[in-house]
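In our numbering, the protein residues as written are 85 to 186.
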Amino acid sequence: MKEKFELPKLDNNQCSVTFAELNAGILLTPDGERYVGKVKYYRTFDSEAEASAFAKEYVKHNPLVECSIRDKDGRHIKMVVYEKGAVYGNKSEDQISTEDNQ
85 MKEKFELPKL
95 DNNQCSVTFA
105 ELNAGILLTP
115 DGERYVGKVK
125 YYRTFDSEAE
135 ASAFAKEYVK
145 HNPLVECSIR
155 DKDGRHIKMV
165 VYEKGAVYGN
175 KSEDQISTED
185 NQ
């Protein structure tokens, strides 16, 4: 039987960040461990801007992880990944920053 997990309960402007192995898509905890259903698998933030800033820093320090930002209804807002010295949003053209313009 598969482990069931619940979406986070958020207020209006809050967002959640989830974590996954970049190449495998396996859900991780905020500590980078594989999610096995016993601990929280997301972090919550009061705004999309806070969530995005956190995700940007997280992937810079954990380049094999992708962060997904979701709104209070669980809708996907943005995927954040780190590649070749730059942090990207949903598409490779959506470059958020490089090491030079942090």
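Ideal Cβ placement from N, Cα and C applies to all residues, glycine included.
Identity of the residue in Lys168, Tyr166, Cys151 nearest histidine 160 by Cα: If you number the sequence shown from 1, residue 160 lands on position 76. When only C-alpha atoms are compared, the closest one is Cys151.
Could you compute how far the alpha carbon of asparagine 146 sits from the alpha carbon of isoleucine 110? Position 62 of the sequence shown holds residue 146. Position 26 of the sequence shown holds residue 110. About 15 Å.
Rounded separation between lysine 175 and lysine 140 - CA only: As a first step, residue 175 must be located in the sequence shown, where it is residue number 91. As a first step, residue 140 must be located in the sequence shown, where it is residue number 56. In this prediction, lysine 175 has a pLDDT of 48, which is less than 50 and means its spatial position is unreliable; nothing more can be read from the coordinates.
Might you give, ordered along the chain, the residues of its own chain that have their beta carbon closer than 7 Å to the beta carbon of glutamine 94, omitting 5 neighbours on each side? Working through the sequence shown from its first residue, we reach residue 94 at position 10. Sequence inspection shows leucine at residue 94; the glutamine mentioned does not correspond to that position. Its chain contains Ser100, Thr128, Lys156 as the residues whose beta carbon lies nearer than 7 Å to that of leucine 94, once the 5 sequence neighbours on both sides are disregarded; these appear in chain order.
Could you tell me if arginine 148 is buried or exposed, where buried requires 16 or more neighbouring beta carbons within 10 angstroms of its beta carbon? Translated into the one-based positions of the sequence shown, residue 148 becomes position 64. At residue 148 the sequence reads leucine, which differs from the arginine that was named. With fewer than 16 Cβ atoms within 10 Å of its Cβ, leucine 148 is classed as exposed.
To which residues of the same chain is glycine 158 closer than 7 Å at the C-beta, ignoring the five residues directly before and after it? As a working note, residue 158 is residue 74 in the sequence shown. Same-chain partners within the cutoff: Leu91.
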